[in-house]
Every structure is written in C-alpha cells, then in structure tokens.
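Enquirer: In my numbering, the protein residues as written are 1 to 590. Cβ coordinates follow ideal geometry from the N, Cα and C atoms, glycine included.
Shown next, in the form of structure tokens:
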C-alpha cells in the first residue's frame with residue numbers, strides 16, 4: 001500500500017513550524033470556492049449508498065475486495081481509510097451515525113471512494129470514524145481527473161440539502177487540482193492549514209544512540225528503577241492488551257480531564273470497544289513502558305504501510321510524573337521503530353510544546369469544509385473565527401481557559417463566603433492504629449485514578465477540572481491519595497505526605513523536621529452533601545491502618561478545617577487535637 005507523501009520541511013533544533021509546502025496544495029492556506037457544476041460521463045458518474053444500502057455494500061465480499069485494491073493503489077491513503085478501521089466503526093456507532101458511501105467505478109473496479117457518516121438528527125456529515133479518524137480523505141486511483149470530490153459534493157448536496165461536510169485532516173499528498181474547477185453551484189468550500197509535526201526515525205542513531213543519549217536514557221531509567229523493574233514492550237497479544245487497556249484509558253482520561261475538562265473514554269464507552277476491536281484486527285500499534293507491575297507510559301497508534309506510525313493517543317502514570325516516564329518511553333519507542341524499519345512517527349496536527357520538543361521536521365495538512373449555501377457557511381465560520389481569534393489573543397496574553405475560570409472564581413469567593421462561618425484550622429495526631437471498622441459498602445484504594453474520575457461536581461463548590469488538575473499537581477509532587485468509593489461514586493478523598501528529616505526529602509514550607517516514621521494527612525474531602533458519619537469513620541480507619549501497617553508510620557498528623565460532625569468521626573478514630581502546635585499548616589501541598 002502506498003503511503004502519504006510527507007514532504008517534510010526540516011527545522012533542526014529550532015523546532016520552528018514549517019511554511020506551507022506549495023507542492024502539496026495549490027493556492028493559499030485558507031481558500032474559499034464553489035463545488036461547481038461539473039459535467040460527467042457515465043464512467044465517472046458517482047454512486048451514493050445510504051443507510052441500509054451502505055451496510056449491504058459493506059457486507060459484500062466483492063465490494064470489500066475492490067476497496068482493498070483501491071486502498072493499495074491510492075498514494076495518499078492512510079490507515080484511517082482502511083476497511084478494518086471503517087467497517088467496525090460503522091457497526092459500533094450505528095445508533096448515532098448513518099453510513100454514506102460515495103464511489104465511482106471503472107472497468108468493474110472501484111476508481112474512487114469516499115466513506116462518510118451522517119450524524120442522526122442533524123445535517124452534519126463527517127468522515128467515517130469522525131473524531132477518531134486522525135486523517136480523513138477520499139481514495140482515488142492514480143491518473144484520474146481528480147474531480148471525484150467535486151462530483152461527490154454535487155450528489156451529496158442533492159441527497160442531503162443544507163448539509164455541512166467536514167474532513168479533518170486531509171493527509172499530505174492529497175491532490176488539490178480539483179480546486180481549479182470552474183465555480184458554480186451552491187456548495188462553498190474552505191480549506192484551513194495546520195502544521196503537522198513529525199519525528200523522523202534515524203535508524204542509525206536510534207539503534208546506536210550517541211553517548212549523551214545513552215546517558216540520558218540510563219539516567220531516566222535509574223530514576224524509575226527505584227519503583228520497580230523497567231520494561232519496554234510492544235503489545236501484540238489481544239488478550240494481554242484487553243487486560244491493560246482499562247488502566248491506559250484511566251490514565252488518558254485523567255490527564256485530559258485535568259487539562260481540558262473532557263474524558264473521552266469515560267464519556268463514550270464504545271470508544272473502548274472500538275479500540276479493542278482495532279487491536280484484535282492487528283491495526284492498533286501499542287507500546288508500553290512498565291515499572292514493576294504498573295504501566296508508567298503508553299502509546300497507541302495506527303500504522304500506514306509500515307512506513308508511518310500515526311499517534312492516536314498516549315498516556316502516563318501521574319504518580320511517576322516527576323520521573324518523566326513519557327519522555328523515556330518515546331526514546332525507547334524511537335529505537336523500537338528503528339529496529340522495525342518504520343521511518344516516520346507522525347505526532348499528529350495541533351500545537352503542543354511536547355510535540356515540538358520531539359519534532360524533527362514538519363509538513364502541512366488541511367481542514368476541509370463544504371457548506372450548502374452562504375447561510376450555512378456564515379453560521380459555522382463566524383463563531384469558529386471568533387473562537388480562533390479569542391484563543392490567539394488569550395495565548396498572547398498567557399491566559400488559559402482554566403486560569404480565566406480560576407480568576408473569576410477567586411473574585412466571586414468573597415461574595416459567596418459572605419456571612420458564612422469558616423471552621424478554624426485544626427491539627428490532630430494519632431499514634432495508634434484503630435481497630436478495623438469495616439463498612440461493606442465502601443471500597444478504599446490508594447492512588448486509584450479510576451476512583452478520582454468518579455468525582456461528581458453536582459453539589460461541590462469545586463469544578464471537576466479544578467479537582468483533577470489539583471490532583472495532577474499533587475501527583476507530580478510525589479504525594480499519594482486515598483479514595484473511598486461506594487456504588488460507583490467517589491465519597492471521600494484524602495492526601496498523604498511523608499514527613500521526614502533525611503537529606504533526600506524536602507519538607508513543605510512551614511513544617512518542622514519530623515522523624516521518618518511520621519506522615520501527614522491533608523485535604524480530607526467528603527464528596528456528598530450529608531455524608532454518613534459511620535462511613536466516614538470507616539474510611540479514616542482504613543487509611544490509618546494502611547499508613548501505619550504498610551507504610552510503617554508511627555505518628556499520623558491530620559490537618560484541615562472540619563465541622564463538628566467530621567471532628568467527632570476523626571476523634572472516634574483515635575486522633576487527638578494538638579492545640580499547642582501550629583507548625584503544620586492545613587495545605588502542605590506546597
């Protein structure tokens with residue numbers, strides 16, 4: 001199968017974005033035109049199959065064989081146009097999307113194919129795979145007139161009036177001469193350019209890294225070896241992958257929720273089913289970096305012709321963030337790709353400091369939009385342009401959506417707190433492990449990302465993104481968290497910090513030196529409005545039992561602001577208030 005022609009623009013160490021490659025797409029980066037009324041002969045008349053008719057084509061072995069031959073001939077085809085990606089996606093998401101196939105035949109073979117999906121209840125048309133397809137385009141055999149996409153737009157316009165077609169992104173090498181067709185018709189076209197960072201795998205350097213690179217890999221490996229044996233591997237066994245995929249999804253969702261307030265796998269359970277099916281079909285290239293029995297970092301991607309690995313998503317364990325497991329994983333992945341003979345790692349479009357750090361070159365890709373009429377065009381483009389301008393202005397000012405929200409919340413906090421009585425800060429000490437206080441409804445875990453993702457902001461004054469972003473920051477400072485879950489809901493959380501006077505440990509500001517057997521519990525939260533005191537006591541007893549028996553702590557401090565009901569549960573667990581000490585502040589996260 002041919003691969004997209006990634007005409008990369010070298011950038012070296014500067015990591016600056018490349019300028020558009022004029023050989024890939026004619027015209028300016030942003031262009032608006034018309035679909036045109038194009039004459040066509042019977043040999044080039046497109047056929048459209050919709051809904052059940054499309055599923056009938058997908059169930060035909062003859063059609064699938066023709067599709068495979070077309071895929072192998074198309075120079076810009078990617079793994080996201082492969083039938084092993086498209087067909088299972090259509091089946092798994094059939095309740096939300098109706099399949100649309102637009103194709104042309106010549107000499108009994110497919111000459112062109114565009115696989116689309118109509119969102120039920122709307123006129124929005126996306127490529128098959130929608131947001132899960134990183135590259136979206138049509139397939140054509142070489143030597144055609146390259147006007148298939150124009151003819152496809154005409155038949156779509158007649159079949160679905162008022163439609164809006166979006167393809168994001170057209171891969172490098174997708175032809176552009178169809179843009180020069182005579183204007184006409186009601187469909188308006190728009191192309192928006194995006195920079196694509198690439199990591200070109202230097203097989204000699206990756207297989208035999210330089211002395212400096214070897215030292216860096218060894219240094220990062222030694223840091224992780226403190227927590228267990230470090231192993232890198234490609235996961236090819238479907239059962240093994242299924243056994244670890246939940247852990248990978250939780251790590252990915254946790255970071256996405258903390259950074260962008262989205263949880264792709266939690267919000268869409270079918271996304272997990274789809275990726276498991278891709279791996280079963282041998283289409284998902286997965287690599288993991290394990291530390292002991294935990295997955296420290298991972299990467300899942302799609303492979304186009306064993307020439308390009310397209311990154312779909314990556315994740316890492318927040319509790320090991322201080323050791324940068326993602327950077328070590330990528331260095332080891334580069335060496336693995338070199339051994340496998342895969343020359344390019346596609347970091348996928350989109351601005352990212354992380355991507356630019358690893359990019360060795362850049363290419364240009366385009367977002368394609370087709371609108372039926374000027375009103376549909378303006379309805380979509382005006383808000384989109386305003387959003388882009390706002391994001392650009394905020395970026396120049398160093399303002400992020402989260403920092404803006406936090407700033408507004410800080411301004412409103414005095415108003416909300418007016419007239420409210422804030423409990424005084426208290427410090428408690430416990431020197432003996434309490435007797436087991438079992439509560440069958442409560443499950444207590446340590447550093448469990450799945451539990452944290454169950455946070456429900458329904459009545460809480462803290463937004464989910466702020467809660468998870470704070471948790472991410474604490475993980476990065478090597479703090480640990482205990483969580484209590486019942487009936488699938490997060491009810492309690494409490495962070496723990498080891499207080500030690502050894503030279504290798506930095507105590508938080510304002511804390512005097514403690515022995516190595518001391519720990520502090522802080523940020524104890526109840527995530528329900530009127531909690532059960534017995535259940536809270538059971539949670540605290542489980543936390544105390546773990547830090548004293550497993551961690552070997554002799555003295556456990558607890559600091560915070562608590563109401564009477566919570567103080568009663570704390571004291572029933574064996575905590576005594578330290579009224580004469582104020583050297584352990586409530587927020588010890590630093």
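Look up residue 320 in the DSSP assignment and say whether it is helix, strand or coil.
Expert: helix
Enquirer: Below 6 Å CB to CB, which residues in the same chain sit around residue 230 once its five sequence neighbours on both sides are set aside?
Expert: Contacts found: 221, 224 and 291.
Enquirer: At what residues does the beta strand (DSSP E) containing residue 159 begin and finish?
Expert: Run containing residue 159: none in the beta strand (DSSP E); it sits in the alpha helix (DSSP H), 148-159.
Enquirer: Between the stretch 338-352 and the stretch 318-328, can you find at least three pairs of beta-carbon atoms closer than 8 Å?
Expert: no
Enquirer: Do you know offhand how far residue 80's Cα is from residue 520's?
Expert: 50 Å
Enquirer: In whole angstroms, what separates the C-alpha of residue 545 from that of residue 579?
Expert: 24 Å
Enquirer: Cβ of residue 365 within 8 Å of Cβ of residue 172?
Expert: Yes.
Enquirer: For residue 236, list the residues DSSP reports as bridge partners.
Expert: None; residue 236 has no bridge partner.
Enquirer: With three or more beta-carbon pairs closer than 8 Å as the criterion, would you say the stretch 265-279 touches the stretch 347-356?
Expert: no
Enquirer: Using DSSP bridges, identify the partner residues of residue 231.
Expert: 290
Enquirer: Is it true that the CB of residue 49 sits closer than 8 Å to the CB of residue 101?
Expert: The Cβ atoms of residue 101 and residue 49 sit closer than 8 Å to each other.
Enquirer: So the beta strand (DSSP E) residue 283 belongs to, where does it begin and stop?
Expert: Counting along the chain, residue 283 falls outside any beta strand (DSSP E), and DSSP gives it neither H nor E.
Enquirer: Between which two residues does the beta strand (DSSP E) harbouring residue 361 extend?
Expert: 361-372
Enquirer: When the Cα of residue 238 is compared with those of 285, 201, 295 and 432, which residue comes out closest?
Expert: 285
Enquirer: Name the residue from 377, 373, 98 and 539 whose alpha carbon lies nearest to the alpha carbon of residue 53.
Expert: 98
Enquirer: Can you give me the Cβ contacts of residue 162 inside the same chain, cut-off strictly under 8 Å, excluding the 5 residues immediately before and after it?
Expert: Sequence-distant partners of residue 162 (beyond 5 residues in either direction) whose C-beta falls short of 8 Å from its own C-beta, in its chain, are 123, 372, 373 and 376.
Enquirer: Going by C-alpha to C-alpha distance, which of 528, 526, 574 and 189 sits closest to residue 541?
Expert: 574
Enquirer: Shortest alpha-carbon distance to residue 179 belongs to which of 146, 67 and 126?
Expert: 146
Enquirer: CA-CA distance, residue 299 and residue 287?
Expert: 5 Å
Enquirer: Where does residue 441 sit, in a helix, a strand or coil, going by DSSP?
Expert: Looking at residue 441 - three-state DSSP - the assignment turns out to be coil, as it is neither helix nor strand.
Enquirer: Within 10 angstroms of the Cβ of residue 576, are there 16 or more other Cβ atoms? Answer buried if so, exposed if not.
Expert: exposed
Enquirer: Per the DSSP calculation, residue 430 is bridged to which residue(s)?
Expert: DSSP output for residue 430 lists 556 as bridge partner(s).
Enquirer: For residue 133, which residues in the same chain have their Cβ closer than 6 Å to its Cβ, ignoring the five residues on either side in sequence?
Expert: 80 and 127
Enquirer: Following the continuous beta strand (DSSP E) through residue 566, name the residue where it begins and the one where it ends.
Expert: Run containing residue 566: none in the beta strand (DSSP E); it sits in the alpha helix (DSSP H), 564-572.
Enquirer: For residue 307, which of helix, strand or coil comes out of DSSP?
Expert: coil
Enquirer: Measure the CB-CB distance between residue 272 and residue 313 and report whether it falls below 8 Å.
Expert: Result no, Cβ atoms of residue 272 and residue 313 do not sit closer than 8 Å.
Enquirer: Tell me which same chain residues have a C-beta within less than 7 Å of the C-beta of residue 450, skipping the five on either side of it?
Expert: 250
Enquirer: Between the C-alpha atoms of residue 63 and residue 57, what's the straight-line distance to the nearest angstrom?
Expert: 6 Å
Enquirer: Give me, in chain order, the residues of the same chain whose beta-carbon lies closer than 6 Å to that of residue 315; leave out the 5 immediate sequence neighbours on both sides.
Expert: 248, 251, 252 and 298
Enquirer: Using a 10 Å radius around the Cβ and a threshold of 16 neighbouring Cβ atoms, would you call residue 549 buried or exposed?
Expert: exposed
Enquirer: Return the CA-CA distance between residue 226 and residue 257, expressed in angstroms with no decimal places.
Expert: 29 Å
Enquirer: Given a cut-off of 8 Å on the beta-carbon distance, is the pair residue 517 and residue 554 in contact?
Expert: yes
Enquirer: Once DSSP output is grouped into helix, strand and coil, what is the label at residue 523?
Expert: strand
Enquirer: Using 10 angstroms around the beta-carbon of residue 218, count the other beta-carbons present and answer buried if the total reaches 16, otherwise exposed.
Expert: exposed
Enquirer: Work out the CA separation of residue 67 and residue 318 for me, nearest whole Å.
Expert: 43 Å
Enquirer: Could you compute how far the alpha carbon of residue 143 sits from the alpha carbon of residue 448?
Expert: 56 Å
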